[in-house]
Amino acid sequence: MGGIIVAENKGFKFNIIKNDPLDGHKGTNIGAISLDNIAPVFIDVANKEAFVDIGGMHARAEVEKGVKWITDKESVEGPEAKEYWLCWVTTERGENGPYYAGVTACYLLVNKS
């Protein structure tokens, strides 16, 4: 089974909830993030293409299917390995309309052979 290399978890924790994280909670969910405004964007490095795959919200994107998540990059490298960046793009709506509120990314090296 192939593998994917991902960044090491540094212990950052946050709550993920649906809709407005502060609605009716009087600040108890400050630091929470709503999935309603997030899009997982994959960048295929070799083909210089970007595409959205909603499955990327829960590690179920086509790129991620059928692989084992590992941290040993050497066991994934090879002629069949493909590089991707998975970017989570967040949008919000302000008084002037929608805007990009944030982005973060993760490097993936995928080898399905």
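When we follow the UniProt record's numbering, the leftmost residue of the sequence shown carries the number 1, and every step to the right adds one. We treat Cβ as the ideally placed atom computed from N, Cα and C, and that holds for glycine. All values derive from a computational prediction rather than experimental measurement.
Reduced DSSP secondary structure (H/G/I, E/B, other) of residue i
i     : result
Asn37 : helix
Glu62 : coil
Glu74 : helix
Val89 : strand
Ile5  : In this prediction, Ile5 has a pLDDT of 47, which is less than 50 and means its spatial position is unreliable; nothing more can be read from the coordinates.
Integer Cβ distance of residue i from residue j, believed to fall under 8 Å
i      : j     : result
Val103 : Val63 : Rounded, the Cβ-Cβ distance is 18 Å, inconsistent with contact.
Ile43  : Tyr84 : 6 Å
Reference residue i, options the options, closest by Cα
i     : options              : result
Gly55 : Glu95, Trp88, Glu80  : Trp88
Glu80 : Lys112, Ala46, Val41 : Lys112
Inter-residue spacing [alpha-carbon to alpha-carbon] between residue i and residue j
i      : j      : result
Gly66  : Thr91  : 30 Å
Glu49  : His58  : 21 Å
Asp72  : Asn47  : 24 Å
Gly94  : Phe51  : 26 Å
Trp69  : Asp53  : 18 Å
Gly2   : Leu86  : Residue placement at Gly2 is flagged as unreliable, the pLDDT there being 49, under the threshold of 50; the coordinate-derived value follows with that caveat. Distance between the alpha carbons of Gly2 and Leu86: 18 Å.
Ala61  : Gly78  : 22 Å
Asn74  : Val45  : Going by the sequence as given, residue 74 is Glu instead of Asn. Distance between the alpha carbons of Glu74 and Val45: 19 Å.
Lys82  : Val76  : 9 Å
Tyr100 : Leu35  : 14 Å
Gly97  : Ala105 : 25 Å
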